[in-house]
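Participant: Taking the numbering used here, the leading residue of the sequence shown gets 2, the next gets one more, and so forth. Glycine residues also receive a C-beta, built at the ideal position from the N, C-alpha and C atoms. Predicted, not measured: the structure shown is a model, and the values here were computed from it.
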Amino acid sequence: MILLDTHIWVRWIAPESDPLPAHISRLIDTSDLVQVSAISSWEVSYLHKRNRLELPLPLEAWLRVALDGSGILSVALTSRIAARAARLSDIHRDPADRFIIATALETGAKLLTFDTTIPLYPECAGIVLGRSTPDIAQ
2 MILLDTHIWV RWIAPESDPL PAHISRLIDT SDLVQVSAIS SWEVSYLHKR NRLELPLPLE
62 AWLRVALDGS GILSVALTSR IAARAARLSD IHRDPADRFI IATALETGAK LLTFDTTIPL
122 YPECAGIVLG RSTPDIAQ
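1. Find the nearest neighbour of residue 35 within the set 11, 23, 126 and 75, judged by alpha-carbon distance.
2. So residue 99 and residue 86 are supposed to be a Cβ contact under 8 Å. How far apart are they, rounded?
3. Take the Cβ of residue 137 as the centre, count every other Cβ of all protein chains shown within 10 Å, and call the residue buried at 16 or more, exposed below.
4. For the segment 99-132, which segments carrying the beta strand (DSSP E) assignment without a break, of at least 3 residues, lie completely within its bounds, in sequence order?
5. Would you tell me roughly how many angstroms separate the C-alpha atoms of residue 139 and residue 10, rounded to the nearest one?
6. Buried or exposed: which applies to residue 62, given that a residue is buried once 16 or more other Cβ atoms fall within 10 Å of its Cβ?
This is the structure in structure tokens:
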């Protein structure tokens, strides 16, 4: 089971402009379950609103394709996830990353990210997959 960080999700759904490395795409394609935190939908929407993320489709259509059309499961933000996000070490303040980390921890998923700060969280020991991930699903 893999939880995609928002930037990985966007690049996997729309690889035309910035494709993922082949071994990362294979890892996603061969995973038994691929999910994103619901906060990633907020993050995509917010970045798009601020013109910091260009999408090939209107936002609502992109989200529909990126979830329903891709087989990726959106994990709802629960009170347990919210509380866990608040209890994480104070490595940085990005609330979206905190919710994504907490979602991975609460669901028992590996977290696929290229973010260099997330692996600094002691809570993430052993769950972070990234650029150097071997060419097999974990």
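Facilitator: Short version:
1. Considering only 11, 23, 126 and 75, the residue with the shortest C-alpha distance to residue 35 is 75.
2. Confirmed, Cβ separation roughly 4 Å.
3. Note that residue 137 scores a pLDDT of 44, beneath 50, so its modelled location is shaky; the value from the coordinates is reported in the next line. By the Cβ-count criterion, residue 137 is exposed, with fewer than 16 other Cβ atoms from all chains shown falling within 10 Å of its own Cβ.
4. Within the segment 99-132, the complete beta strand (DSSP E) segments of 3 residues or longer fall at 111-113, listed in chain order.
5. A caution first: residue 139 carries a pLDDT of 41, below 50, which makes its placement in the model unreliable, though a value can still be read off. The straight-line gap from Cα to Cα measures roughly 17 Å.
6. With fewer than 16 other Cβ atoms from the protein chains shown falling within 10 Å of its own Cβ, residue 62 counts as exposed.
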